[in-house]
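Asks:
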Amino acid sequence: MLRLIEGSVSGQVNCLIAEQVHFEFVEHDRRVQEEASKNLVALLKQVARVNEIVSIYGAVGEIDLSHIEDHVTRARAHLQEWIETLHQVVPESEASARAFARMRGNRAPARRGKDSSKDCLIFETYLGAGRALREAGMTAPIVFLSSNTSEYLTESRVLKAEIAEDLDPISMLYAPSAGAAVRALGL
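What follows is the structure, given as structure tokens:
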């Protein structure tokens with residue numbers, strides 16, 4: 008992830024964020040930070056208990072995790088640096104209709120029994136942006152990054168056919184992780 012952030016901050020790559028993704032990020036940001044901080048405190052307490060127990064049995068030295076005590080703050084600062092470089096993409100006027108048709112047809116990323124409206128709108132937003140970039144003459148790699156692999160990959164970890172059908176005409180690649188996106192972009 009850090010390499011992707013560095014590439015965006017340095018201007019090596021341009022990263023887009025769908026308007027819906029931005030809304031969801033804002034909605035969940037504080038809670039995720041609080042949960043991460045809580046879990047980090049629990050980890051530090053557990054390590055302190057382990058240190059106490061092993062010292063009773065004569066172990067020399069302690070596990071020291073003091074270097075990660077402020078990890079949430081540092082990680083959020085890196086994320087903020089990246090956010091400031093992102094280009095927000097507003098869905099095209101037809102994106103909502105295409106997303107609805109995708110849901111009605113149970114076409115990935117839609118899934119039966121799940122409210123897939125946001126996933127479908129996000130995907131259609133990025134497809135629209137990709138088409139616009141290609142029509143404007145962009146030849147550089149375009150990578151769609153989503154860790155929601157169950158929506159985009161089969162159980163055998165292959166890109167779902169209906170997703171490939173949408174990505175292939177605009178030469179857009181799918182990356183299930185930041186590391187995969189970094190490799191696809193040649194960073």
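Using this note's numbering, the letters of the sequence shown map in sequence onto residues 8 to 194.
Note that beta-carbon positions come from the ideal geometry of N, C-alpha and C, so glycine has one too.
Keep in mind that this is a model prediction, so the values were computed, not measured.
Who are the near neighbours of Asp173 in its chain, counting only those whose CB is closer than 7 Å to its CB and skipping five residues on each side?
Replies: Leu134
Asks: Hey, quick one: how far does the alpha helix (DSSP H) through Met110 stretch, first residue to last?
Replies: 102-111
Asks: Find the nearest neighbour of His74 within the set Val48, Val96, Glu26, judged by alpha-carbon distance.
Replies: Val48
Asks: Can you check which of these residues, Gly137, Lys125, Glu162, is closest to Ser178 by C-alpha distance?
Replies: For Ser178, the closest alpha carbon among the candidates Gly137, Lys125, Glu162 is that of Gly137.
Asks: What does the alpha-carbon distance come out to for the pair Arg109 and Arg190?
Replies: 30 Å
Asks: In whole angstroms, what is the alpha-carbon distance linking Thr156 and Pro183?
Replies: 6 Å
Asks: Mind checking whether Ala102 and Thr146 have CB atoms under 8 Å apart?
Replies: no
Asks: Which residues in the same chain have their Cβ closer than 8 Å to the Cβ of Arg118, if we skip the five residues on either side of it in sequence?
Replies: Around Arg118: Ser157, Glu158.
Asks: Pairs of beta-carbons, one from the stretch 79-98 and one from the stretch 12-28, closer than 8 Å: are there three or more?
Replies: yes
Asks: Val97 by DSSP, collapsed to three states: which one?
Replies: Annotated three-state conformation of Val97 is coil, per DSSP.
Asks: Could you say if the stretch 49-60 and the stretch 18-26 meet the contact criterion of at least three C-beta pairs nearer than 8 Å?
Replies: Between the stretch 49-60 and the stretch 18-26 there are fewer than three C-beta pairs closer than 8 Å, too few to call the two in contact.
Asks: Taking the C-alpha atoms as reference points, what is the distance between His85 and Leu9?
Replies: In a straight line, the C-alpha of His85 is about 8 Å away from that of Leu9.
Asks: Could you give the uninterrupted runs of the beta strand (DSSP E) lying entirely in the stretch 12-81, keeping only those of 3 residues or more?
Replies: 23-25
Asks: Along the chain, where does the alpha helix (DSSP H) that runs through Val189 open and close?
Replies: 185-192
Asks: Drop a sphere of 10 angstroms on the beta-carbon of Phe231, count the other beta-carbons inside from all chains shown, and report buried for 16 or more, exposed for fewer.
Replies: Nothing about residue 231 can be reported from this structure: the residues present for the chain run from 8 to 194 only.
Asks: Below 7 Å CB to CB, which residues in the same chain sit around Glu69 once its five sequence neighbours on both sides are set aside?
Replies: Asn58
Asks: Rounded to the nearest angstrom, how far is the Cβ of Ser124 from that of Ala106, given a contact under 8 Å?
Replies: 7 Å
Asks: Look up Ala136 in the DSSP assignment and say whether it is helix, strand or coil.
Replies: helix
Asks: Nearest to Arg38 by alpha carbon, out of Val79, Leu51, Ala66?
Replies: Val79
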